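Enquirer: One structure coming up, written as C-alpha cells, with questions to follow.
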Ligand SMILES: [Zn+2]
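Numbering (my numbering), first residue to last: 10 to 122.
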C-alpha cells in the first residue's frame, strides 16, 4: 500500500514546516490521475500522524478535476476518467494536461502565544 508511504512523507513535510508547533489542519490536493486511492489514504492517515504534532490535525482532502487534451483536435476538457472520448470529435487519443498532482496545499498551526 503506497498510500501509507505517501501519508508519511506528507506528515514529514508538515512537521518540517510546522517548526515544532501543533498542527490543527492539513489540506492536501489530489488529482484524479495521481494514482492515490482516497479510501486507502484516509485509512493510512491516522497511522501516519500517530504520536506526532499532527495527531489532532483535521485532514482536508481536496479532489481536483482532471484536464485532458485531445491529440486529434487539440480540444481541452475536464474529466476524471482517462478512458473516455473527446466530447468534440469523439477521438480517444487523449493526453493528460493536469490531474496527476498529489501535494500538501496548506497547513494551519496552533498559535501558541
Ligand atoms: Zn478531439
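Virtual Cβ for every residue (Gly too), placed ideally from N, Cα, C. Quick caveat, the model's predicted, so the values are computed rather than measured.
1) Less than 8 Å between the C-beta atoms of residue 118 and residue 27, yes or no?
2) Take residue 52 as the anchor and find which of 15, 99, 107, 100 has the nearest alpha-carbon.
3) Please tell me whether residue 42 and residue 108 are closer than 8 Å, where the distance is taken between their beta carbons.
4) Look at the alpha carbon of residue 78 and the alpha carbon of residue 92, and state the distance between them as a whole number of angstroms.
5) Whose C-alpha, out of 85, 98, 67, 83, is nearest the C-alpha of residue 37?
6) Give the DSSP-derived three-state secondary structure of residue 91 in the structure shown.
7) Would you list the one or two residues that DSSP bridges to residue 111?
Expert: Answer, in terms of the structure:
1) Your numbering for residue 118 matches position 109 in the chain shown. Your numbering for residue 27 matches position 18 in the chain shown. Against a cut-off of 8 Å, the Cβ pair of residue 27 and residue 118 comes out as a contact.
2) Counted from its first residue, the chain shown places residue 52 at position 43. Nearest C-alpha to residue 52: 15.
3) Translated into positions along the chain shown, residue 42 becomes position 33. Translated into positions along the chain shown, residue 108 becomes position 99. Yes, the Cβ-Cβ distance between residue 42 and residue 108 is below 8 Å.
4) Position 69 of the chain shown, counted from the first residue, corresponds to residue 78. Position 83 of the chain shown, counted from the first residue, corresponds to residue 92. Taking the straight line joining both Cα atoms gives about 13 Å.
5) Here residue 37 refers to the residue found at position 28 when the chain shown is read from its first residue. The residue with the shortest Cα to Cα distance from residue 37 is 67.
6) Looking up residue 91 in the chain shown gives position 82. Residue state, collapsed to three classes: coil.
7) Position 102 of the chain shown, counting from 1, holds the residue named residue 111. 39.
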